[in-house]
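Numbering (full-length UniProt numbering), first residue to last: 1 to 232.
The following block contains the structure:
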């Protein structure tokens, strides 16, 4: 356990030093400014959190998760890591856990930024119950986004690069936008976070199962690849 905690700290430190979470939050601040014309808190929170769930949650999380794994190949440190006297499964799991912690921290900061900037826009109709309800939906949508982001490390490991999974993350965003308003949307994993944020009742068991399949492929595929395929 101590070894895993130490590896998680190292991975979190590397993520912070990479500055990608800062870039993500900076970009989100620009998305918030786009909705300066909103007049009420309800419209402002719904619109900005929807953008966070779709743009940041799909593309931003995808880029970060791709970078955490793909940079080991890009920087040529992959073989050095594998030579360490630690379990490869523990190494992969520590990277996933570090990503999850950073995603949650980024979301918490983004929520704070949203309310801080929103208070500067002279919005009307603030309701604590409404705000709590929207934030709760955002947290659940973020958990969906985190789950979907775990597929990109597997792609980064297979491609041995960052470019391929990052390109696919753009494709995931386009897929969410195209199918999000269609009847088939609740069955498309990448459309589910945005749909849930707008109307949770539309998400059914089949949609949740599709996300579970993506999580299973991403996590176990990456673990197996790092343990077996990449030994060759």
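In this text, a Cβ means the ideal position worked out from N, Cα and C, and glycines have one as well.
Contact check, residue 150 vs residue 219, beta carbons under 8 Å: yes
Between which residues of its own chain and residue 124 is the CB-CB distance below 8 Å, once the five residues before and five after are set aside? 39, 40 and 41
I need the DSSP call for residue 40, collapsed to helix, strand or coil. strand
Tell me the rounded alpha-carbon separation between residue 136 and residue 45. 12 Å
Tell me, please, whether the stretch 47-61 touches the stretch 18-33 by the rule of three or more beta-carbon pairs shorter than 8 Å. yes
Where does residue 8 land, buried or exposed, given buried means 16+ other C-beta within 10 angstroms? buried
On the DSSP bridge list, what partners appear for residue 124? 40
How should residue 120 be labelled, buried or exposed, when 16 other C-beta atoms within 10 angstroms of its C-beta is the threshold for buried? exposed
Distance between residue 161 and residue 68 (C-alpha atoms, nearest Å): 11 Å
Can you find at least 3 beta carbon pairs, one from the stretch 162-175 and one from the stretch 59-66, that sit closer than 8 Å? yes
When the distance is taken between beta carbons, is residue 102 closer than 8 Å to residue 4? no
What is the DSSP secondary structure of residue 187, counted as helix, strand or coil? helix
Is the number of C-beta pairs between the stretch 198-212 and the stretch 178-190 that are closer than 8 Å three or more? yes
Since I believe residue 13 is in contact with residue 113 (beta carbons under 8 Å), could you give me their beta-carbon distance rounded to a whole number of angstroms? So it is not a contact: roughly 23 Å between Cβ atoms.
Can the beta-carbon of residue 211 be found less than 8 Å from the beta-carbon of residue 202? no
Within 8 Å, strictly: CB atoms of residue 84 and residue 141: no
Would you give the residue range spanned by the alpha helix (DSSP H) that residue 17 belongs to? 2-18
The alpha helix (DSSP H) that contains residue 198, what's its start and end? 192-198
If distances are taken between C-alpha atoms only, which option among 81, 176 and 47 comes closest to residue 131? 47
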